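Going left to right, the sequence shown walks through residues 172 to 535 as our numbering numbers them. We put the CB at the ideal spot given by N, CA and C, even for glycine. Here the structure is a predicted model, which means the values were calculated and not measured.
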Amino acid sequence: MNFDSSSTGLPRSRKLARDPSQQSNNPIIQQSTLPAPFPVYRPRRLRQTPLLRQLVRETQLDAGRLVLPLFARGGHKVRRPIGAMPGVFQLSPDELVREATKAFEAGVPAVLLFGIPDKKDIRASGAYASNGIVQKVVRLLKKELPELLVITDVCLCEYMEHGHCGIVERGRQGARILNDPTLKLLARTAASHAEAGADIVAPSDMMDGRVRAIRQGLDANGFEDVPIMSYAAKFASGFYGPFREAAESTPQFGDRRSYQMDAANANEAMREVAMDIQEGADMVMVKPALAYLDIIYRVKTQFGYPTAAYAVSAEYSMIKAAAANGWIDERAVTLESLLAMRRAGADILITYAAREVAGWLRRG
Ligand code: PBG
């Protein structure tokens with residue numbers, strides 16, 4: 172291409188801006204070739220009708236990418252509502268199967284299971300008990316809905332008396348969450364989920380080296396084909412508030428800032444993701460989603476791995492609360508938020524609204 176000013180008649184500064192070698196390093200600007208100036212280019216030409224808009228739409232939402240998180244507890248016919256999450260319940264195994272069936276029939280291919288055990292202790296024994304709540308529900312789901320993808324959250328916090336994601340050592344300086352001894356329990360938990368029939372395991376604890384420990388634990392038990400979806404960039408976040416009520420996993424002292432990431436750090440998130448991929452993660456997750464779209468974008472651009480975005484509990488609660496007040500349109504805001512995650516690069520969308528969303532997408 173000839174960028175000589177006499178051939179285009181454009182002032183020199185504009186031509187320089189149109190020369191790709193002169194453009195900024197911002198990948199977004201590099202990708203979108205600068206259009207012809209107005210009135211040659213009129214972006215509104217392609218916005219005139221719904222079908223025209225559909226024809227040029229860059230990003231799509233489809234139900235096949237949704238994952239529905241579900242909370243399992245013991246009992247029969249139990250549906251315990253979560254106050255801050257209208258439409259979300261702690262479910263006994265029979266009720267959970269019903270809920271999963273409805274979601275699957277609406278087009279949601281996968282669920283993500285959390286368990287609330289009858290008893291908690293300081294070794295999280297309910298997490299890796301062969302008859303633990305998650306293990307039971309996994310077996311039941313694989314029997315009743317063999318095609319449904321069952322993903323299990325691998326963490327200890329719901330099973331620990333103190334509500335932390337690792338083993339706690341209390342010293343004179345206060346309590347510490349021990350990293351390496353926790354890895355054994357996580358690997359055991361993941362293997363017991365695979366043993367029960369889980370299709371994918373998803374560690375959410377944020378201990379260093381857990382993906383390696385879990386991969387080794389799975390392989391040693393003959394589960395080399397069970398993929399790991401790691402919560403690779405999981406930030407210490409106020410957006411988890413309602414979940415802690417749902418999963419009964421509020422830390423009894425301190426907080427999770429010594430293991431979950433500082434919300435200010437994006438470069439560190441890249442290292443976390445790189446590390447998990449090196450240790451054997453098959454899919455990586457960014458969590459929360461909406462406040463971390465830059466992280467999703469960078470993770471997808473840099474690694475190109477299957478990337479999940481977790482629209483966490485408060486993301487759901489905020490939309491529900493505003494919609495209940497008549498302040499926003501629930502459907503529009505939910506779909507727009509999920510589309511933003513797809514646009515940023517997420518392949519997989521984990522959301523408490525998965526079933527409604529699948530219904531909306533089907534009805535168009
Ligand atoms: C457990 C876990 C949490 C979430 C997923 N797994 C809570 C936490 O880390 O405190 C949050 C999910 C949500 O808020 O929807 N480690």
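| Asked | Found |
| --- | --- |
| Thr323 - DSSP class collapsed to helix/strand/coil | strand |
| Range of the contiguous beta strand (DSSP E) that encloses Pro340 | Strictly speaking, residue 340 in this sequence is Glu, with Pro absent from that position. It spans 338 to 342 - the beta strand (DSSP E) in which Glu340 sits, taken as one unbroken run. |
| C-alpha distance - Ala524 paired with Arg343, whole-angstrom precision | 45 Å |
| Rounded C-alpha distance that separates Ala529 from Ala493 | 21 Å |
| Straight-line Cα distance separating Asp376 from Leu510 | 27 Å |
| Classification of Gln431 by the beta-carbon crowding that lies within 10 angstroms, buried from 16 upward | buried |
| Gln219 burial status per 10 Å Cβ neighbour count (16 or more: buried) | exposed |
| For Lys248, the three-state DSSP class (helix, strand or coil) | coil |
| Helix, strand or coil at Met378 [DSSP, three-state] | coil |
| For Val565, the three-state DSSP class (helix, strand or coil) | There is simply no residue 565 to check, as the chain begins at 172 and stops at 535 in what is shown. |
| Span separating the alpha-carbon of Ser192 from that of Thr204 | Note that Ser192 scores a pLDDT of 42, beneath 50, so its modelled location is shaky; the value from the coordinates is reported in the next line. Spanning the two alpha carbons is a distance of roughly 12 Å. |
| Distance between Ser408 and Glu527 (C-alpha atoms, nearest Å) | 25 Å |
| Beta-bridge pairing of Met454 - partner residues as DSSP gives them | Met400 |
| Outcome for Thr360 when other beta-carbon atoms lying within 10 angstroms are tallied against a minimum of 16 | buried |
| Close Cβ partners of Pro398 (< 7 Å) along its chain, the five nearest in sequence each way excluded | Ile371, Asp453, Met454 |
| Rounded straight-line distance, which links the Cα of Ile287 to that of Glu419 | 7 Å |
| For Met489, three-class secondary structure by DSSP | helix |
| Counterpart residues of Pro240 in DSSP-defined beta bridges | Leu283 |
| Inter-residue Cα distance where the pair is Ala346 and Ile304 | 28 Å |
| Outcome for Lys248 when other beta-carbon atoms lying within 10 angstroms are tallied against a minimum of 16 | exposed |
| Beta-carbon contacts of Arg381 that lie in its chain and below 7 Å, excluding the five residues immediately before and after | Leu354, Leu357, Pro374 |
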